[in-house]
Amino acid sequence: MKLKIAIQKSGRLYEDSVKILKECGIDLSNGLNKLRAEAFNFPLEVLFLRDDDIPQYVKDGVADCGIVGENIVYETNKKIKVLEKMGFGKCRLSIAVQKNTEYKNIKDLKGKKIATSYPVILGKYLKSKRVDAKLEEVSGSVEIAPSVGLADAICDLVSSGSTLFANGLKEVETVMRSEAVFVSGTKLDKEKSAILKKLLFRIKAVKKSRHNKYVLLNAPNEKLDAICNILPGMKSPTILPLAEKGWSSVHSVIDEEKFWEIIEQLKDNGAQGILVIPIEKMIV
Ligand code: PRT
Ligand code: ZN
Numbered sequence: 006m007k008l009k010i011a012i013q014k015s016g017r018l019y020e021d022s023v024k025i026l027k028e029c030g031i032d033l034s035n036g037l038n039k040l041r042a043e044a045f046n047f048p049l050e051v052l053f054l055r056d057d058d059i060p061q062y063v064k065d066g067v068a069d070c071g072i073v074g075e076n077i078v079y080e081t082n083k084k085i086k087v088l089e090k091m092g093f094g095k096c097r098l099s100i101a102v103q104k105n106t107e108y109k110n111i112k113d114l115k116g117k118k119i120a121t122s123y124p125v126i127l128g129k130y131l132k133s134k135r136v137d138a139k140l141e142e143v144s145g146s147v148e149i150a151p152s153v154g155l156a157d158a159i160c161d162l163v164s165s166g167s168t169l170f171a172n173g174l175k176e177v178e179t180v181m182r183s184e185a186v187f188v189s190g191t192k193l194d195k196e197k198s199a200i201l202k203k204l205l206f207r208i209k210a211v212k213k214s215r216h217n218k219y220v221l222l223n224a225p226n227e228k229l230d231a232i233c234n235i236l237p238g239m240k241s242p243t244i245l246p247l248a249e250k251g252w253s254s255v256h257s258v259i260d261e262e263k264f265w266e267i268i269e270q271l272k273d274n275g276a277q278g279i280l281v282i283p284i285e286k287m288i289v
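According to our numbering, the sequence shown is numbered sequentially starting from 6.
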């Protein structure tokens, strides 16, 4: 029995999806063809699909789980479970207008035509804001719609914002934030649920390790209390006496987001010989 996972065949999520499976210890070198691969060291079969098709395949049980953008999950609105955010493929679904258009707030979109590939999500958003606008569904090249006179505004995915800028558009509303998510069907049998649980456990461990660093430092004993207060650690930091009298070695794990701030505080409190080591996996 193998668990079937659907990932994007090519595109923005492909590389990160394969990478995280690899970091979960899953070897996909056993590719059967361009559409399927089998892991030989974990009961997993990988199906490579277009991202838009993944929710439907997972709902129908053709795949048991998948990695796909939240934007696609909510737009296709299929009955599937979102189990975990993956931390990559981050973007936002935004409304943009031509940069010389005066725009105060969302009410300015009343009666306007908005081109989008996300009519479901945008429709709900406008409804929640009580704005009645006309949606023009387009499947690609959304950003040219205003300049060719097809629409007054667009609603599309944005990451760096350079596509909007290059097309003379400005972002005026964020409709949703999105990133890749791990999804599953709602009716997996016992055996597949057990494999899914193992895979999810590994994904969480890999994700957690990415945000954390292992820190080793030397500290004068009289500063240990202050230093331990700065270091949150998984439980409390490990403290070992050094050969040099009056000094100890402190080991701890710190969150990448607070990294520089913590390092500065440690230095200010007399920490020396600070070593920062990436963590490969983190099981808590
Ligand atoms: O062939 P397939 O249907 O599988 O792929 P696709 O072409 O439909 O999707 P793809 O590979 O472009 O995107 C897959 C997923 O990546 C999306 O569903 C999002 O969840 C996520 N993602 C993250 C993005 C972006 N960032 C993104 N910037 N998807 C698309 N874009 C596009 C956007 O549509 C616009 O055209 O990039 C352009 C804007 O980028 P910036 O950097 O100029 O702002
Ligand atoms: Zn697509």
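Using N, Cα and C, we set each Cβ at its ideal position, and we do this for glycine too.
Please report the straight-line C-alpha distance between residue i and residue j, rounded to a whole angstrom.
{"i": "aspartate 161", "j": "leucine 49", "result": "34 Å"}
{"i": "isoleucine 25", "j": "arginine 215", "result": "11 Å"}
{"i": "valine 63", "j": "valine 143", "result": "25 Å"}
{"i": "lysine 286", "j": "alanine 210", "result": "6 Å"}
{"i": "glycine 145", "j": "glutamate 43", "result": "33 Å"}
{"i": "phenylalanine 170", "j": "threonine 179", "result": "16 Å"}
{"i": "alanine 185", "j": "serine 253", "result": "43 Å"}
{"i": "glutamine 103", "j": "threonine 168", "result": "13 Å"}
{"i": "lysine 109", "j": "alanine 199", "result": "52 Å"}
{"i": "serine 235", "j": "phenylalanine 264", "result": "Before going on, a small fix: residue 235 reads as isoleucine here, not serine. Computed Cα separation, rounded: 11 Å."}
{"i": "alanine 11", "j": "lysine 84", "result": "16 Å"}
{"i": "lysine 175", "j": "glutamate 269", "result": "38 Å"}
{"i": "asparagine 105", "j": "alanine 150", "result": "15 Å"}
{"i": "valine 136", "j": "lysine 197", "result": "44 Å"}
{"i": "phenylalanine 95", "j": "leucine 18", "result": "The question names phenylalanine, but residue 95 is lysine in the sequence shown. Lysine 95 and leucine 18: Cα-Cα distance of roughly 10 Å."}
{"i": "arginine 97", "j": "valine 163", "result": "5 Å"}
{"i": "glycine 30", "j": "isoleucine 282", "result": "20 Å"}
{"i": "glycine 154", "j": "aspartate 56", "result": "29 Å"}
{"i": "aspartate 273", "j": "glycine 190", "result": "51 Å"}
{"i": "isoleucine 59", "j": "cysteine 70", "result": "9 Å"}
Locate the beta strand (DSSP E) running through residue i, then write down its first and last residues.
{"i": "arginine 215", "result": "Note, arginine 215: premise wrong, no beta strand (DSSP E); alpha helix (DSSP H) at 195-215."}
{"i": "lysine 139", "result": "139-142"}
State yes or no: is the C-beta of residue i within less than 7 Å of the C-beta of residue j?
{"i": "isoleucine 159", "j": "alanine 120", "result": "yes"}
{"i": "proline 225", "j": "glycine 275", "result": "yes"}
{"i": "leucine 290", "j": "alanine 68", "result": "Since the first residue shown for the chain is 6 and the last is 289, residue 290 is missing from the structure and cannot be characterised."}
{"i": "serine 165", "j": "glutamate 75", "result": "no"}
{"i": "proline 246", "j": "serine 257", "result": "no"}
{"i": "lysine 1", "j": "leucine 54", "result": "Not covered by the structure: residue 1. The range shown for the chain is 6 to 289."}
{"i": "isoleucine 100", "j": "valine 147", "result": "no"}
{"i": "leucine 114", "j": "proline 124", "result": "no"}
{"i": "isoleucine 259", "j": "lysine 218", "result": "yes"}
{"i": "isoleucine 126", "j": "tyrosine 79", "result": "yes"}
{"i": "lysine 213", "j": "glycine 92", "result": "no"}
{"i": "lysine 129", "j": "aspartate 157", "result": "no"}
{"i": "valine 255", "j": "leucine 222", "result": "yes"}
Name, in chain order, the residues that DSSP records as bridge partners for residue i.
{"i": "glutamine 277", "result": "Asn223"}
{"i": "phenylalanine 170", "result": "Beta-bridge pairing links phenylalanine 170 to no other residue."}
{"i": "phenylalanine 53", "result": "Ile12"}
{"i": "alanine 101", "result": "Ile159 and Glu176"}
{"i": "tryptophan 252", "result": "Pro225"}
{"i": "leucine 245", "result": "Ser254"}
{"i": "threonine 121", "result": "Glu142 and Cys160"}
{"i": "lysine 86", "result": "Ser189"}
On the three-state DSSP scale, how would you describe residue i?
{"i": "alanine 185", "result": "strand"}
{"i": "proline 283", "result": "strand"}
{"i": "valine 73", "result": "strand"}
{"i": "isoleucine 259", "result": "strand"}
{"i": "lysine 115", "result": "coil"}
{"i": "lysine 218", "result": "strand"}
{"i": "cysteine 233", "result": "helix"}
Could you give the first and the last residue of the continuous alpha helix (DSSP H) run that contains residue i?
{"i": "valine 67", "result": "Run containing valine 67: none; DSSP gives neither H nor E here."}
{"i": "serine 22", "result": "19-28"}
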